[in-house]
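J.: Start counting the sequence shown at 2; every next residue gets the next number (the UniProt record's numbering).
Quick reminder that beta carbons are idealized off the backbone N, C-alpha and C, glycines included.
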Amino acid sequence: RTVYVNGEYLPENEAKVSVFDRAFLMADGVYEVTSVLGGKLIDFDGHLARLERSLNELDMQKPEAFDDLLEIHRELVRVNEITDGLVYLQVTRGGAADRDFAFPDPDEVKPTLVLFTQAKPGLADSPAAKKGMKVISIEDIRWGRRDIKTTQLLYPSMGKMMAKKAGCDDAWMIEDGKVTEGTSNNAYIVKGNKIITRELSTDILHGITRAAVLRFAREAQMEVEERSFTIDEAKEADEAFITSASTFVMPVVEIDGATLGEGVPGKVATRLREIYLDESLKAAI
Ligand code: PLP
Numbered sequence: 002r003t004v005y006v007n008g009e010y011l012p013e014n015e016a017k018v019s020v021f022d023r024a025f026l027m028a029d030g031v032y033e034v035t036s037v038l039g040g041k042l043i044d045f046d047g048h049l050a051r052l053e054r055s056l057n058e059l060d061m062q063k064p065e066a067f068d069d070l071l072e073i074h075r076e077l078v079r080v081n082e083i084t085d086g087l088v089y090l091q092v093t094r095g096g097a098a099d100r101d102f103a104f105p106d107p108d109e110v111k112p113t114l115v116l117f118t119q120a121k122p123g124l125a126d127s128p129a130a131k132k133g134m135k136v137i138s139i140e141d142i143r144w145g146r147r148d149i150k151t152t153q154l155l156y157p158s159m160g161k162m163m164a165k166k167a168g169c170d171d172a173w174m175i176e177d178g179k180v181t182e183g184t185s186n187n188a189y190i191v192k193g194n195k196i197i198t199r200e201l202s203t204d205i206l207h208g209i210t211r212a213a214v215l216r217f218a219r220e221a222q223m224e225v226e227e228r229s230f231t232i233d234e235a236k237e238a239d240e241a242f243i244t245s246a247s248t249f250v251m252p253v254v255e256i257d258g259a260t261l262g263e264g265v266p267g268k269v270a271t272r273l274r275e276i277y278l279d280e281s282l283k284a285a286i
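1) Which word fits Ala129, buried or exposed, when buried means at least 16 other C-beta atoms lie within 10 angstroms of its C-beta?
2) With DSSP as the reference, identify every bridge partner of Tyr189, one or two as the case may be.
3) Closest by CA to Asp99, which one among Arg23, Lys192, Pro252, Met223?
4) Going by CA-CA distance only, name the one from Asp239, Ser229, Lys161, Tyr5 that's closest to Asn194.
5) Under 7 angstroms, do Pro64 and Leu114 count as touching if we go by C-beta distance?
6) For Val180, I'd like the list of residues in its chain whose CB is within less than 8 angstroms of its CB, leaving aside the five on either flank, ordered along the chain.
7) Could you check whether the Cβ of Ile149 sits closer than 6 angstroms to any heavy atom belonging to the ligand PLP?
8) Spatial neighbours of Pro266 within its chain, please: C-beta separation below 6 angstroms, excluding the five flanking residues on both sides.
9) Please name the residue, chosen from Met159, Ile276, Ala167, Asn186, that lies closest to Phe217 on a Cα-to-Cα basis.
10) Bridge partners for Ala120 per DSSP, in chain order?
11) Please report how far the alpha carbon of Ile256 lies from the alpha carbon of Tyr10, in whole angstroms.
12) Am I right that Leu116 and Tyr5 are in contact with their C-beta atoms under 8 angstroms? What's the rounded C-beta distance?
13) Could you check how far apart the C-beta atoms of Gly40 and Val80 are, in whole angstroms? I think they sit under 8 angstroms.
14) To which residues does DSSP link Ile256 through a beta bridge?
15) Distance check for Thr151 and Lys161, CA to CA, integer angstroms please.
16) In the DSSP assignment, the alpha helix (DSSP H) including Gly47 goes from what residue to what residue?
17) Determine the closest residue to Ala246 out of Gly208, Arg2, Arg146, Ala103, with distance taken between C-alpha atoms.
18) Using only the heavy atoms of the ligand PLP, determine whether one of them is closer than 6 angstroms to the beta carbon of Thr210.
19) Taking C-beta to C-beta, are Leu52 and Glu72 nearer than 7 angstroms?
20) Could you check whether Leu42 and His74 sit closer than 7 angstroms to each other, using their CB atoms as the reference points?
21) Could you compute how far the alpha carbon of Leu70 sits from the alpha carbon of Arg272?
22) Hey, could you find the ends of the beta strand (DSSP E) Ser36 is sitting in?
23) Quick one: Cα of Gly168 to Cα of Ala221, how far?
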């Protein structure tokens with residue numbers, strides 16, 4: 002596999018990043034994951050806009066190749082022959098000469114830019130979408146700027162492991178009794194025909210898939226309410242689902258052992274998945 006590091010396309014085993022890189026020492030990095038379907042990028046502009054916002058919020062410099070990012074994504078998809086899969090992009094504050102909590106002087110340190118691909122054949126027709134996911138709930142003990150897509154992913158990884166140990170697929174995180182989001186996705190419930198998902202704030206990541214799905218839902222005259230909900234309300238909902246760039250819309254059929262509806266993917270989630278895949282494939286670049 003060919004990866005991109007700071008201006009160079011290299012075989013993955015020749016790519017190198019400094020041990021002083023602040024993403025390695027301090028998780029001082031931000032990232033994006035863009036899906037590839039049929040060789041095309043899904044919602045690239047949305048991911049690029051969020052990357053720019055994450056960089057701004059952390060006073061991190063744009064990498065020199067920022068304006069070439071579309072080209073770099075396309076080149077990696079081409080050389081690695083990705084039909085279905087994803088492109089992972091990471092920008093870090095770079096590596097100063099010494100480890101220091103203070104940010105290094107931007108004149109002395111350049112940001113690190115890394116991109117690689119992961120092939121995921123059949124990404125859009127995953128069997129999980131037909132079966133539905135099981136989730137557990139865990140306390141949300143992450144930091145207070147979850148709207149910035151940083152590489153500090155240890156707690157979400159632990160949450161994923163807690164879910165696996167419980168025989169489930171993912172964990173929904175709870176703060177003050179209300180669901181924030183999944184370990185790597187936004188969370189939704191459906192009551193009647195109404196789609197309910199937490200409003201945007203610094204408490205959750207502003208999902209690119211979330212924005213697209215809510216837009217498509219509204220265009221299809223589906224009712225949307227952006228508000229937080231408790232885990233008890235979720236357990237009694239008619240349906241639930243998650244969204245993310247790599248899972249699109251994925252139905253949830255069980256929460257903390259409570260079965261939702263008939264225990265199979267719901268009508269609303271199934272329809273939204275179809276609409277999302279149709280529309281975003283049409284707009285893919
Ligand atoms: N919430 C969290 C915590 C995430 O890590 C992610 C994606 O990785 C999402 C939500 C979904 O965001 P997107 O739809 O942009 O992939």
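T.: Looking at the atomic coordinates:
1) Within the sequence shown, residue 129 is the residue found at index 128, counting from 1. Ala129 comes out exposed.
2) On the sequence shown, position 188 is the one that residue 189 refers to. Answer is Thr198, Phe242, bridged to Tyr189.
3) As a first step, residue 99 must be located in the sequence shown, where it is residue number 98. For the residues Arg23, Lys192, Pro252, Met223, the minimum Cα distance to Asp99 belongs to Arg23.
4) Reading the sequence shown from its first residue, position 193 is the one you call residue 194. Ranking Asp239, Ser229, Lys161, Tyr5 by Cα distance to Asn194 puts Asp239 first.
5) Residue 64 sits at position 63 when you count from the first residue of the sequence shown. Residue 114 sits at position 113 when you count from the first residue of the sequence shown. At a Cβ-Cβ threshold of 7 angstroms, Pro64 and Leu114 count as neighbours.
6) Your numbering for residue 180 matches position 179 in the sequence shown. So the list reads Ser138, Trp173, Met174, Ala188, Arg199, Ser229, Phe230, Thr231, Ile232, Ala235, once near-sequence residues are dropped.
7) Position 148 of the sequence shown, counted from the start, is the residue given in the question as residue 149. No, the Cβ of Ile149 stays beyond 6 angstroms of every heavy atom of the ligand PLP.
8) Numbered from 1 along the sequence shown, position 265 holds the residue referred to as residue 266. Excluding sequence neighbours, Pro266 sits near Gly133, Pro252.
9) Within the sequence shown, residue 217 is the residue found at index 216, counting from 1. Of the listed residues, the one whose Cα sits closest to Phe217 is Ile276.
10) Counting from 1 along the sequence shown, the entry for residue 120 is found at position 119. Answer is Gly86, bridged to Ala120.
11) Working through the sequence shown from its first residue, we reach residue 256 at position 255. Working through the sequence shown from its first residue, we reach residue 10 at position 9. Answer to the nearest angstrom: the Cα atoms are 44 angstroms apart.
12) Here the question's residue 116 lines up with position 115 in the sequence shown. Here the question's residue 5 lines up with position 4 in the sequence shown. Contact holds; Cβ gap of about 4 angstroms.
13) By 1-based counting over the sequence shown, the position of residue 40 is 39. By 1-based counting over the sequence shown, the position of residue 80 is 79. With 8 angstroms as the limit, Gly40 and Val80 do not qualify as a contact, their Cβ atoms being about 12 angstroms apart.
14) One-based indexing of the sequence shown puts residue 256 at position 255. Looking at the DSSP assignment, Ile256 forms a beta bridge with Val136, Ala259.
15) On the sequence shown, residue 161 is found 160 positions in, with the first residue counted as 1. On the sequence shown, residue 151 is found 150 positions in, with the first residue counted as 1. Across the structure, Lys161 and Thr151 are spaced so that their CA atoms are roughly 17 angstroms apart.
16) Residue mapping note: residue 47 aligns to position 46 of the sequence shown, counting from 1. It spans 45 to 58 - the alpha helix (DSSP H) in which Gly47 sits, taken as one unbroken run.
17) To locate residue 246, count along the sequence shown from 1; it is residue 245. Nearest C-alpha to Ala246: Gly208.
18) Numbered from 1 along the sequence shown, position 209 holds the residue referred to as residue 210. Because some heavy atom of the ligand PLP lies under 6 angstroms away, the Cβ of Thr210 counts as near it: yes.
19) The residue you call residue 52 lines up with position 51 of the sequence shown. The residue you call residue 72 lines up with position 71 of the sequence shown. Not a contact, by the Cβ cut-off of 7 angstroms.
20) In the sequence shown, the residue the question calls residue 74 occupies position 73. In the sequence shown, the residue the question calls residue 42 occupies position 41. In this structure, Leu42 lies closer than 7 angstroms to His74 by Cβ.
21) Start at 1 with the first residue of the sequence shown, and residue 70 comes out as number 69. Start at 1 with the first residue of the sequence shown, and residue 272 comes out as number 271. Those two C-alpha atoms are separated by around 33 angstroms.
22) In the sequence shown, the residue the question calls residue 36 occupies position 35. Start and end: 30 to 38.
23) Position 167 of the sequence shown, counted from the first residue, corresponds to residue 168. Position 220 of the sequence shown, counted from the first residue, corresponds to residue 221. Spanning the alpha carbons of Gly168 and Ala221 requires a straight line of approximately 36 angstroms.
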